[in-house]
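Counted from 1, the sequence shown has number 39 at position 39 by this note's numbering; the numbering is strictly sequential.
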Amino acid sequence: VLEALNEHCKTIQKQLLEHEIHERGKLLEIKPEGVKLGQMHGLAVVHDPYSGEMTGNVLGVKAQLVKKSELPRDQPLKGYYKVTGVAKGQNFISDSIAKVRSVILQKYGVDIAQDYLTHIDFAQSYGVDGPSAGVTMAILLCSLIEGKLIRQDVAVTGEINLSVSGAIQITAVGGVHEKIKAAEAWGFKKVVIPQKNYLHSIDARDYTIDIVPAATLDDYLKECLVEQQFLKVPAHKYK
């Protein structure tokens, strides 16, 4: 009954926004099943700048990581770290990209911009959410460095943060309700959200999808990565 009431009470602007996202979704390559290396699903919110309405959206994100030292000697490329498919000039996206580089350096002792040819692609994404994009990018790179497959039936959201020592923290983000509803609509089995959002932003009983609270990057990895190793990308440790 509550679901029916919520659907009936949506504004025309919100219905139009959801319809637009639904139509775009028909063209997306999102399949919440199986396991893959270097590919996963993040969650974002899409805002209508005129009405202020927002709705959730699923982001299919892919990453490629090639160790520079393993390239043929006739290809003396410099290391690089590229993120494509996001709007340029948005500071919150740039901040997330920089944080991910630092977090991977802290966790594995490798610089993805110097020792690797690193490419993360948000192709086909619409409404990329800067802070939430960070945890998605970090998990993708962890998958490639550890050589572990990612569950495709799990979607994630959360803001990654730097830490001087200890566990890498994932903090709360906005639009969690809309993001969870988007994951539900696409048929995902599980969504991982920041612990504080779980405690203060939602009631898990309002959803049919399995909602898992997580406080650290390692918590997210436990929910997303398959333990069996698929392919190891050697990590160069800084000395």
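Every residue, glycine too, gets a C-beta built ideally from N, C-alpha and C.
Thinking just about the alpha-carbon of each residue, which of N197, S69 and A138 is nearest to the one in Y220?
A138
Boundaries (first-last residue) of the alpha helix (DSSP H) holding I180:
V176 to W186
Under the DSSP definition of a beta bridge, which residues are partnered with M54?
H47
What does DSSP give as the partner residue(s) for V212 in the beta ladder?
V192
Proximal residues to T118 (C-beta, below 6 Å), its chain only, five neighbours per side dropped
L65, Y81 and I112
Can you tell me where the beta strand (DSSP E) holding K82 begins and where it ends?
Y80 to T84
Please name the residue, chosen from V226, E223 and K189, that lies closest to K31 on a Cα-to-Cα basis.
K189
Looking only at its own chain, which residues have a Cβ that is under 8 Å from the Cβ of K199, when we skip the five neighbours before and after it?
One point to set straight first is that residue 199 is Leu, not Lys, in the sequence displayed. Contacts found: P213.
Going by C-alpha to C-alpha distance, which of L162, V156 and A167 sits closest to N57?
V156
Identify whether E70 lies in helix, strand or coil by the three-state DSSP scheme.
helix
Using the Cβ count rule (16 or more neighbours within 10 Å means buried), how would you classify Q152?
buried
Among the residues of its own chain, which have a CB less than 7 Å from the CB of Q195, if the five just before and after it don't count?
P213, A214 and A215
Quick one: using the 10 Å Cβ neighbour count with 16 as the cut-off for buried, is I21 buried or exposed?
Residue confidence is low: I21 scores 46 on pLDDT, short of 50, so the model does not pin down where it sits. No coordinate-derived value is stated.
State the Cα-Cα distance for the pair Y108 and K78, rounded to the nearest angstrom.
20 Å
Determine the extent of the alpha helix (DSSP H) in which K222 is found, giving its start and end residues.
L217 to C224
Between the alpha carbons of R101 and A133, how many angstroms are there, rounded?
13 Å
Let me know the secondary structure DSSP gives K36 once reduced to three states.
strand
Tell me whether E227 sits in a helix, a strand or coil according to DSSP, three-state version.
strand
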